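Protein chains in written order, with our numbering: chain P, 1 to 252; chain E, 1 to 422.
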Amino acid sequence: MSTSRGAKEGSSPSITAPEPGHPASVRPAGSAPSNDPAPRPREVAWRLFTHELTSSSVQEKGEGEKATTHVLTPLGGCVSRLLLVGTLSQIEPLGSGASPLWRARFTDPTGGVAVTAGSYQPRALAFLSQAKAPLLATVVGKAHLFVGREGVPMVSVRSEIIAPATPAEERAWVVETARQSLRRLALTKEVRARGSRDPGAYPCGYPRRLVDSALRCLDRYPGSDPERFRGPIERALGSVGEGTPVVPDPSR
Amino acid sequence: MKGATMGGGVVPGPSEGSDGRGAAPEEGPAETTGVSLQDRRLRDVGSSQGAMRVTARVLTAERREIARKDGVGKLAVLSGLLSDGTATMRFSWWDPPSVDLERGSVLRVTNPQVRTWRDRPELSFGWKTQVEFASELELPRLEDSELLERHLSELRPGEEGFRVLAKVLLSESRTLTVGERKRVIRSGLLGDSSGRMAFTAWVDLDLPVDSVVEIFGASARPFQGELQVVMDERSRVERRPEVELLSMGGLATERPVEIGWLEERPEGPGRRAIEGVVVELRSPSGLIHRCPHCSRSLVKGFCREHGPSRGEPDLRARLVLDDGTGSVTAQLSRECVENLLGLDLPKAIELARERLDPTAVQELLSERVLTHRLRLLGRAVPGLWGLTFFVDRVLPLTPEATVVEEANRLLRTPDASLREGP
Numbered sequence: 001m002s003t004s005r006g007a008k009e010g011s012s013p014s015i016t017a018p019e020p021g022h023p024a025s026v027r028p029a030g031s032a033p034s035n036d037p038a039p040r041p042r043e044v045a046w047r048l049f050t051h052e053l054t055s056s057s058v059q060e061k062g063e064g065e066k067a068t069t070h071v072l073t074p075l076g077g078c079v080s081r082l083l084l085v086g087t088l089s090q091i092e093p094l095g096s097g098a099s100p101l102w103r104a105r106f107t108d109p110t111g112g113v114a115v116t117a118g119s120y121q122p123r124a125l126a127f128l129s130q131a132k133a134p135l136l137a138t139v140v141g142k143a144h145l146f147v148g149r150e151g152v153p154m155v156s157v158r159s160e161i162i163a164p165a166t167p168a169e170e171r172a173w174v175v176e177t178a179r180q181s182l183r184r185l186a187l188t189k190e191v192r193a194r195g196s197r198d199p200g201a202y203p204c205g206y207p208r209r210l211v212d213s214a215l216r217c218l219d220r221y222p223g224s225d226p227e228r229f230r231g232p233i234e235r236a237l238g239s240v241g242e243g244t245p246v247v248p249d250p251s252r
Numbered sequence: 001m002k003g004a005t006m007g008g009g010v011v012p013g014p015s016e017g018s019d020g021r022g023a024a025p026e027e028g029p030a031e032t033t034g035v036s037l038q039d040r041r042l043r044d045v046g047s048s049q050g051a052m053r054v055t056a057r058v059l060t061a062e063r064r065e066i067a068r069k070d071g072v073g074k075l076a077v078l079s080g081l082l083s084d085g086t087a088t089m090r091f092s093w094w095d096p097p098s099v100d101l102e103r104g105s106v107l108r109v110t111n112p113q114v115r116t117w118r119d120r121p122e123l124s125f126g127w128k129t130q131v132e133f134a135s136e137l138e139l140p141r142l143e144d145s146e147l148l149e150r151h152l153s154e155l156r157p158g159e160e161g162f163r164v165l166a167k168v169l170l171s172e173s174r175t176l177t178v179g180e181r182k183r184v185i186r187s188g189l190l191g192d193s194s195g196r197m198a199f200t201a202w203v204d205l206d207l208p209v210d211s212v213v214e215i216f217g218a219s220a221r222p223f224q225g226e227l228q229v230v231m232d233e234r235s236r237v238e239r240r241p242e243v244e245l246l247s248m249g250g251l252a253t254e255r256p257v258e259i260g261w262l263e264e265r266p267e268g269p270g271r272r273a274i275e276g277v278v279v280e281l282r283s284p285s286g287l288i289h290r291c292p293h294c295s296r297s298l299v300k301g302f303c304r305e306h307g308p309s310r311g312e313p314d315l316r317a318r319l320v321l322d323d324g325t326g327s328v329t330a331q332l333s334r335e336c337v338e339n340l341l342g343l344d345l346p347k348a349i350e351l352a353r354e355r356l357d358p359t360a361v362q363e364l365l366s367e368r369v370l371t372h373r374l375r376l377l378g379r380a381v382p383g384l385w386g387l388t389f390f391v392d393r394v395l396p397l398t399p400e401a402t403v404v405e406e407a408n409r410l411l412r413t414p415d416a417s418l419r420e421g422p
């Protein structure tokens, strides 16, 4: 057999050489224009602490049919779906037989938020109706902002999935969430300092999706100082970092 | 072809008096050009000056006729690819002899012209060039020391003449029918300190899983948009002790990249690790049936190409993995799903039978994976609905100690939250 044959066949199915970092390969990020007829990308499950979530007072509905509603946060998050890991307590039924609704209190190291499940979320509903509080759980759901009669905004989470979590999963979530929150904090400060609305003006250390959403939130929280969110984030990190719990859990 | 004394390279032009004998190679052509002649490797051709001679093997050759610019008649040209083990280069032989140029023949080319086409050097054989057939023996020997030591991530499309030291992470052989012949090809995944890359060996080389090997004389070629290490008869593989890999920087810690980063640059080379939480299990997952003709999964016992069928049972999972920066639809094959379930295919079939429920396996799988963290090794392919991630392996999760370390790092240097490259 000719020695050249193998080389030829090895190369024959080639199509194109990959061009790493080619700008044309950038897919439109999460917050693409809403009049785009192309399929909407899946809403990413944001990682954020309840302190940032419950400090939000702005909700924005997209344009067009079946538009997604986003809660805009003071640290530049445009949150529809989110993922939380923490403690569920005060699990109680609210609805009637025909339209069941369950509610629970979710807490993380920075605060807490109400989590609900209705008949459109059968998996989460089944879980809450059988769960024994308090328990460590992962919640995937959608953020909702309700403005009360006195104009007081109330954020809650309509859960899609709830499942028990392990302490290791909780720690991994806290670190992941802290990293992404600190990044948004830095970006929010940068966006305010520069004031440029051109996403290309920001360093590539920030994902495109984040820059776009930070720009959407730019004028929404004029009086809020991003630095005031640093303390709670660091407190959460401290709960994972060096040192062990002062009182060990006797059940473990 | 042995002997190689036939003077195949007929070159028009009065000054080329050589008879094609290669007895005293330094003399003849050097006289005709009046400058010293140097034997060159193809990889050095692009940067070299002056008269040169290259000896290389024909990989492909094709005869064409091109209309002359002045409209008078046509010009014959023979073009194709030449390789000497250091590079593969395009050549064009103007006004070639009528004999056919067979794939595999060795050519000794004196005084070719070097031209650049799309930033790549090419050889052009014109009236000043002398082309002769040569023997295998005359092909330049490539000493191991001449092969450039490369890390996987340093390889560029089309590169040859390198050696890599890597660990075989995946390896499987299959039989392929090429023309009328059956050949065994081996494909899999290599890893070193710089990353991971798929390989294809067109001959059955010694590449068992988990062995550390040094590969000589392979080439780096794109296949379906992904760069691969391609080996053939010219390649050699030698086993190495594990310590040598350590001295080269060990195996890349399978540090995951952010999915948001992958979404922005899906075309990156090699395999990637990602880590995230499973937020959805898409149907059909679990126990499925595949069409025996095309392996598509059947929908209600129906293949969209081949109609109704009983199908072959198989396990698969399509799950959405989300790390907060982006999400992918991960495709897991039977082996991965068996590991996640802790059940093999026969046991999974048994479970579905016992429960009288074909979706029992999917239900068990969703209990096992939904809301749990997974670290996956594979490659991302962009599509209309976002990234699909074809999984090679399910990797162990970030160790607890690393999570704590990361927490402390973020506390000390908040800027560590910025995204780093892969």
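A virtual CB, placed ideally from N, CA and C, is assigned to each residue, including glycine.
Predicted, not measured: the structure shown is a model, and the values here were computed from it.
{"Check": "Where Gln362 of chain E falls, given that 16 or more other Cβ within 10 Å makes a residue buried", "Outcome": "buried"}
{"Check": "Below-8 Å beta-carbon distance, Leu125 of chain P vs any chain E residue", "Outcome": "no"}
{"Check": "Neighbourhood of Phe127 of chain P by C-beta, 6 Å cutoff - its chain only, sequence neighbours within 5 removed", "Outcome": "Ile162"}
{"Check": "DSSP beta-bridge partners of Thr138 of chain P", "Outcome": "P:Val85, P:Ala163"}
{"Check": "Beta-carbon separation (whole angstroms), Met231 of chain E vs Ala218 of chain E, contact threshold 8 Å", "Outcome": "5 Å"}
{"Check": "Delimiting residues of the alpha helix (DSSP H) encompassing Lys347 of chain E", "Outcome": "345-355"}
{"Check": "Proximal residues of chain P, C-beta to C-beta of Glu406 of chain E below 7 Å", "Outcome": "Val175"}
{"Check": "Cβ shell of Glu159 of chain E (< 6 Å), same chain only, five flanking positions each side left out", "Outcome": "Ala220"}
{"Check": "Presumed contact (8 Å Cβ cut-off) between Leu48 of chain P and Leu88 of chain P, rounded CB distance", "Outcome": "Not really, about 18 Å apart at Cβ, beyond 8 Å."}
{"Check": "Contact list for Phe373 of chain E against chain P, beta-carbon separation under 9 Å", "Outcome": "Position check: residue 373 of chain E holds Arg in this sequence, whereas Phe was assumed. Neighbours of Arg373 of chain E on chain P, chain order: Ala168, Glu169, Ala172, Trp173."}
{"Check": "Contact list for Gln121 of chain P against chain E, beta-carbon separation under 7 Å", "Outcome": "What Gln121 of chain P touches in chain E: nothing, since even the nearest Cβ is about 13 Å away."}
{"Check": "Per-residue contacts from Val115 of chain P into chain E (C-beta, under 8 Å)", "Outcome": "Within chain E, no residue comes near Val115 of chain P; the closest Cβ sits about 14 Å away, beyond 8 Å."}
{"Check": "Under the three-state DSSP convention, the category Pro25 of chain E falls into", "Outcome": "In this prediction, Pro25 of chain E scores a pLDDT of 40, lower than 50, which makes its location untrustworthy; no coordinate-derived value is stated."}
{"Check": "Beta-carbon proximity list for Asp392 of chain E, same chain, < 7 Å, skipping 5 on both sides", "Outcome": "Leu170, Leu189, Arg271, Leu377, Gly378"}
{"Check": "Under the three-state DSSP convention, the category Trp94 of chain E falls into", "Outcome": "strand"}
{"Check": "Cβ contact check for the segment 58-66 of chain E and the segment 76-84 of chain E: 3 or more pairs under 8 Å", "Outcome": "yes"}
{"Check": "Cβ neighbours of Ser417 of chain E in the same chain (closer than 8 Å, five flanking residues each side left out)", "Outcome": "Leu410"}
{"Check": "Closer than 8 Å to chain E by CB, Leu67 of chain P", "Outcome": "For clarity, residue 67 of chain P is Ala in the given sequence; the question names Leu instead. By this cut-off, Ala67 of chain P is not an interface position."}
{"Check": "Buried/exposed call for Pro112 of chain E, threshold 16 Cβ in 10 Å", "Outcome": "buried"}
{"Check": "Residues that Arg192 of chain P contacts on chain E, provided the C-beta gap is smaller than 7 Å", "Outcome": "Those within 7 Å of Arg192 of chain P in chain E number zero; the least Cβ separation is about 17 Å."}
{"Check": "For Arg373 of chain E, the first and last residue of its enclosing beta strand (DSSP E)", "Outcome": "373-383"}
{"Check": "Boundaries of the alpha helix (DSSP H) in which Phe127 of chain P is found, first to last residue", "Outcome": "122-130"}
{"Check": "For Leu83 of chain P and Gly324 of chain E, believed in contact at Cβ under 8 Å, the rounded distance", "Outcome": "7 Å"}
{"Check": "C-beta contact flag for Ser213 of chain P and Gly77 of chain P at 8 Å", "Outcome": "yes"}
{"Check": "DSSP bridge partner residues for Arg463 of chain E (one or two, in chain order)", "Outcome": "Lying before the first or after the last residue shown, residue 463 of chain E is absent from chain E, which here runs from 1 to 422."}
{"Check": "Residue of P:Thr177, P:Ala172, P:Glu176, P:Pro203 minimising C-alpha distance to Leu187 of chain P", "Outcome": "P:Pro203"}
{"Check": "For Ala330 of chain E, three-class secondary structure by DSSP", "Outcome": "strand"}
{"Check": "N- and C-terminal bounds of the beta strand (DSSP E) containing His70 of chain P", "Outcome": "69-72"}
{"Check": "Contact check, Val85 of chain P vs Val403 of chain E, beta carbons under 8 Å", "Outcome": "no"}
{"Check": "Rounded Cβ spacing between Gly85 of chain E and Arg234 of chain E (contact assumed at less than 8 Å)", "Outcome": "7 Å"}
{"Check": "Per-residue burial, Gln130 of chain P [other beta carbons within 10 Å of its own, 16 or more giving buried]", "Outcome": "exposed"}
{"Check": "Cross-chain neighbours of Gly238 of chain P in chain E, by beta carbon under 9 Å", "Outcome": "Ala407, Leu411"}
{"Check": "Coarse secondary structure for Leu139 of chain E, derived from DSSP in three states", "Outcome": "coil"}
{"Check": "Distance between beta carbons of Ile288 of chain E and Asp314 of chain E, contact taken as under 8 Å", "Outcome": "6 Å"}
{"Check": "For Ala238 of chain P, the three-state DSSP class (helix, strand or coil)", "Outcome": "A small correction: the amino acid at residue 238 of chain P is Gly; Ala does not occupy that position in the sequence shown. Residue state, collapsed to three classes: helix."}
{"Check": "First and last residue of the uninterrupted beta strand (DSSP E) at Arg120 of chain E", "Outcome": "120-125"}
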